[in-house]
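So that you can map any letter, position 185 of the sequence shown is 408 in my numbering, and since no number is skipped, the others follow by simple counting.
For glycine and all other residues, C-beta sits at the position ideal for the given N, C-alpha and C.
Before any comments, here is the structure.
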Amino acid sequence: MKKNLIFLLVISILLITGCSKENSLFKKAEYLTKKGQYSKARTLYTEVIKINPKSYLAYNNRGIINERLGKKDLAQKDYIKAITLNSSFPEVYSNLGALYIDEDKYYTALEYLNRAVILDENYYTARVNRAIASFNLGNASSALKDINKATELMPYHPLALYNRGLILLQMGYYIEAITDFNIVIDQQPGNAYAYIERGKSYAKLEAYLNALQDFDIAIHLEPTWGLAYHYRSEMFFKLSDYEGSLNDVNKAIELANAYIPNYELRGDILALTDPLAARKDYIFCLRFDKKNAKRYKEKLENLKTIEGRKKIVMGRFL
């Protein structure tokens, strides 16, 4: 079952050594990649492959460029070709695994990431990516084992700490999650994701003012992120600021009108004061989210009585 998590994936770009034309093209391609000139970099890697059709490094790096250009099918072909040229190359297994994670193909991703770790048990990126795949497959203990190993390999590196914080948050270890997010924020004060996740952790501990402050910062950093307004709306309601709560959920809907939980949240906020408007939101949810139909139908039924409306609000906010 897929979790609603925000994970950061790392892809490895490798260089070759030597003084040949091949190496010169490699260096130019790497430079262009750093500058974000991916199409030009891709052209140079293709030239390298023409010079040396057995260059698994060129296939690997071109695969990365293809991913960044949105050409995932071509990226997959390049990674697989690199593997056929060198089956002992852990980086390409990790890159292919990351690609499959991005496509929500976690079982397939795990196969390649397992191979990467077998080839190099101290491969930081593969450990992080395998933790992501494992967690999305519901195996939190394996995910935590990998992510802890990653933090041993690179202590205080924000990538592993951020992902470990996500895992700990989902597992219910809120204080430990906050500790990891604190370190990430110290190193990356502009990381809005980290503020949102730390805010969610504070909310689980009922530290609503702390959570509100984190969501405020996230919105300041990324004012067009509807999800930050969604979470801040919940905090405003819990702190009895009903006007602020309604304003924020409306803003969240404006910014992310396809995100069904926004409409359910607004329905829950309006359940006591405007049950007719709440009914419209629940019907909207029921129409576009059949998977949770039972929950929406129950809320529609509860709207019919004052006791039921109180149950909605208490179930959400208390």
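| Are the C-beta atoms of Asn318 and some chain B residue less than 8 angstroms apart? | Among the chains of the structure shown, chain B does not appear; only one protein chain is present.
| query | Which term fits Asp327, buried or exposed, when burial requires 16 or more other beta carbons within 10 angstroms of its beta carbon? | reply | As a position in the sequence shown, residue 327 is number 104, starting the count at 1. By the neighbour-count rule (16 or more Cβ atoms within 10 Å), Asp327 is not buried but exposed.
| Which whole runs of the alpha helix (DSSP H) in the region 478-531 are 4 residues long or more, in chain order? | Those alpha helix (DSSP H) runs which fall completely within the region 478-531 and span 4+ residues are 483-493, 498-511 and 516-525.
| message | My output table needs one value for Gly388: the three-state DSSP class, helix, strand or coil. | response | Residue numbering aside, residue 388 sits at position 165 when the sequence shown is read from its first letter. Of the three classes helix, strand and coil, the one that applies to Gly388 here is helix, per DSSP.
| Between the region 363-374 and the region 406-414, do three or more beta carbon pairs fall short of 8 angstroms? | No: fewer than three Cβ pairs fall under 8 angstroms.
| task | Measure the Cβ-Cβ separation of Gly413 and Leu382 and say whether it is below 8 angstroms. | result | Within the sequence shown, residue 413 is the residue found at index 190, counting from 1. Within the sequence shown, residue 382 is the residue found at index 159, counting from 1. In this structure, Leu382 does not lie closer than 8 angstroms to Gly413 by Cβ.
| Outcome for Leu541 when other beta-carbon atoms lying within 10 angstroms are tallied against a minimum of 16 | By one-based count along the sequence shown, residue 541 stands at place 318. It is exposed - the Cβ of Leu541 has fewer than 16 other Cβ atoms within 10 Å.
| task | Rounded to whole angstroms, what's the CA-CA distance from Ala264 to Arg285? Just pull it up for me. | result | One-based indexing of the sequence shown puts residue 264 at position 41. One-based indexing of the sequence shown puts residue 285 at position 62. A straight line joining the alpha-carbon of Ala264 with that of Arg285 spans about 8 angstroms.
| query | Using the C-alpha atoms, what's the distance from Ala252 back to Ala451? | reply | Translated into positions along the sequence shown, residue 451 becomes position 228. Translated into positions along the sequence shown, residue 252 becomes position 29. C-alpha of Ala451 to C-alpha of Ala252: approximately 38 angstroms in a straight line.
| For Leu462 and Leu493, believed in contact at Cβ under 8 angstroms, the rounded distance | Taking the first residue of the sequence shown as position 1, residue 493 is located at position 270. Taking the first residue of the sequence shown as position 1, residue 462 is located at position 239. Going by Cβ atoms, the distance from Leu493 to Leu462 rounds to 18 angstroms, so no, they are not a contact pair.
| task | Go ahead and label Lys258 buried or exposed: buried means 16 or more other beta carbons lie within 10 angstroms of its beta carbon, across all protein chains shown. | result | Within the sequence shown, residue 258 is the residue found at index 35, counting from 1. So Lys258 ends up on the exposed side.
| query | Does DSSP put Asn275 in a helix, a strand or coil? | reply | In the sequence shown, residue 275 corresponds to position 52, counting from 1. In the structure shown, the three-state DSSP call for Asn275 is coil.
| field | Assigned exposure category for Leu488 - 16 Cβ within 10 Å defines buried | value | The residue you call residue 488 lines up with position 265 of the sequence shown. By the neighbour-count rule (16 or more Cβ atoms within 10 Å), Leu488 is buried.
| Contact check, Leu469 vs Pro498 under 8 angstroms by CB: the rounded distance? | As a position in the sequence shown, residue 469 is number 246, starting the count at 1. As a position in the sequence shown, residue 498 is number 275, starting the count at 1. With 8 angstroms as the limit, Leu469 and Pro498 do not qualify as a contact, their Cβ atoms being about 15 angstroms apart.
| field | Straight-line Cα distance separating Ser243 from Leu228 | value | Residue 228 sits at position 5 when you count from the first residue of the sequence shown. Residue 243 sits at position 20 when you count from the first residue of the sequence shown. Note that Leu228 scores 36 on pLDDT, short of 50, meaning its location in the model is unreliable and no value can be drawn from it.
| request: Kindly indicate which three-state DSSP category Glu270 falls into: helix, strand or coil? | output: Within the sequence shown, the letter at position 47 stands for residue 270. Here Glu270 sits in helix by DSSP.
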